[in-house]
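Taking it in order: structure first as structure tokens, then the write-up.
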Amino acid sequence: MTDLTLDLTHDLPHARDRVFDAWLNPKMLAKFMTPQAGMTVPEATCDPRVGGRFRILMRAPNGVEIPHEGTYQTLERPETLSFTWNSHNSVDDSVVTLDFAALETGGTRVRLRQVRFASEQARNDHIGGWTGILAALDTAL
Amino acid sequence: MVERQKPNPRPDLLGDILKAASDPTRRAILTVLAQEGPTTVTGIAGRFDISLNSVSKHIKALENAGLVTRRLEWREHLIELRLEPLSQIDHWFAELRSIWALRLEALDTALTEEHDDGPDTGSDP
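Protein sequences, first through last, are from chains A and B. Taken in order, the first sequence gives residues 594 to 734; the numbers are from the numbering used here. Taken in order, the second sequence gives residues 5 to 129; the numbers are from the numbering used here.
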């Protein structure tokens, strides 16, 4: 980890349009936004336009409900999708950006980035970045 | 595994840490401490074009979040970086990463099932 951006890439054997659309389809969201066995999504709604909101309610196996919600910032089918992402216990101002690239095999490469403090970082990338601090941390541990 | 469902004994420690570190001057102070080890308040202030008073305020904010500690040595306050809370950020990121990775795998499964059910044919070659 070099800064406060989470960055991961995943290849899927499905066409790009379908992969993109799944992120805006409540039925599909209910199926895949379940990061744990036994977890369910009893409620998912979305209003897929720039400025529109979505809400995904996750229910853990122990019954605890964790609402996640956000606002769409970019909708460029089928290349890019970005939205703010908040869960009730997390730090605000997190932005998730998804880039979808078509692969020669007919599949799709999904790149997911989640940025904290997007505004400060853009403004002040040159000073006081996380890189120095965390490089030191890596050395220390 | 659920994002911040039952986080820590101190409920929003991570939030406190991130908030304290969201200020660029405070991050720069942390970087100085990481690179140079324990430093006096005046030593830190000498590195920035801001008043001693506002450096003190920044250090207090970092102290409250547990990111630095201070100790008295030769009548001077020495400020020292604490790495533990930073490793919590690291840990939290690793967890978040695995959550998203699992979601992307679940997306794969969901798309495969949708295709098998056949409501959405013709979009694949």
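Every residue, glycine too, gets a C-beta built ideally from N, C-alpha and C.
Coarse secondary structure for residue i, derived from DSSP in three states
i      : result
A/E661 : A quick correction: the sequence has His, not Glu, at residue 661 of chain A. The answer is strand: DSSP assigns A/H661 an E or B state.
A/L622 : helix
A/R652 : strand
B/I54  : coil
B/R28  : Per the sequence shown, the amino acid found at residue 28 of chain B is Pro instead of Arg. B/P28 falls in the helix class under three-state DSSP.
A/P606 : coil
A/L617 : coil
Identity of the residue in the options nearest residue i by Cα
i      : options                           : result
A/M632 : A/R670, A/P660 and A/P641         : A/P660
B/T35  : B/L18, B/N57, B/L17 and B/V72     : B/V72
B/T43  : B/E109, B/T29 and B/R74           : B/R74
A/L650 : A/V708, A/R702, A/L691 and A/N679 : A/N679
B/E84  : B/G70, B/E117 and B/R101          : B/G70
B/A32  : B/P89, B/D94, B/E99 and B/D53     : B/D53
B/S118 : A/E658, A/D604, A/R609 and A/K620 : Here residue 118 of chain B is Glu; the residue named in the question, Ser, does not match the sequence. Per the Cα distances, A/K620.
A/E672 : A/L601, A/T602, A/D610 and A/D604 : A/D610
A/T677 : A/R648, A/P654, A/R702 and A/G656 : A/R648
Rounded C-alpha distance that separates residue i from residue j
i      : j      : result
A/P606 : A/R704 : 14 Å
B/L22  : B/D120 : 44 Å
A/S675 : B/L87  : 33 Å
A/A637 : A/E662 : 10 Å
A/H612 : B/G47  : Note that residue 612 of chain A is Val in the sequence shown here, rather than His. Taking the straight line joining both Cα atoms gives about 54 Å.
A/F710 : A/V634 : Annotation note: pLDDT 48 at A/F710 (below 50); position unreliable, no value reported.
B/D112 : B/S55  : 55 Å
A/R670 : A/F625 : 20 Å
B/A25  : B/L66  : 7 Å
B/L115 : B/Q39  : 48 Å
A/G699 : B/W96  : 34 Å
A/L599 : B/E109 : 17 Å
B/T29  : A/Q707 : 23 Å
A/T690 : A/E697 : 23 Å
B/D20  : B/S58  : 19 Å
B/N68  : A/A695 : 48 Å
B/W104 : B/D27  : 27 Å
A/Y665 : B/R79  : 54 Å
Proximity test, Cβ basis, 9 Å: residue i and chain A
i      : result
B/E67  : no
B/H119 : yes
B/A24  : no
Any chain B beta carbon closer than 9 Å to residue i
i      : result
A/Q666 : no
A/R611 : yes
A/F647 : no
A/P606 : yes
A/T673 : no
A/T677 : no
A/L601 : yes
Check: residue i C-beta below 8 Å from any heavy atom of the ligand SAH
i      : result
A/V643 : No copy of the ligand SAH occurs in the structure displayed, which carries no ligand at all.
Residue-chain proximity (residue i, chain E), Cβ-Cβ < 9 Å
i      : result
B/L100 : Among the protein chains of the structure shown, namely A and B, there is no chain E.
| query | Taking any Cβ of chain A, which residues in the segment 105–117 of chain B have a Cβ under 7 Å from it, in chain order? | reply | Going along the segment 105–117 of chain B in chain order, one finds A105, L106, R107, L108, A110, L111, D112, A114 and L115 with a Cβ nearer than 7 Å to chain A.
| query | Going along the segment 631–644 of chain A in order, which residues come within less than 8 Å of chain B, judged by CB to CB distance? | reply | Taken in chain order, the members of the segment 631–644 of chain A whose beta-carbon sits within less than 8 Å of a beta-carbon on chain B are M632.
| query | Can you list, in chain order, the residues of the segment 688–704 of chain A whose Cβ is nearer than 7 Å to any Cβ on chain B? | reply | So the list reads G699 and V703, given in the order they occur along the chain.
| message | Under 9 Å, CB to CB, which of the residues in the segment 74–100 of chain B have a partner in chain A? | response | Within the segment 74–100 of chain B, the residues whose Cβ lies closer than 9 Å to some Cβ of chain A are L85, L87, L90, S91, I93, D94, F97, A98 and L100, listed in chain order.
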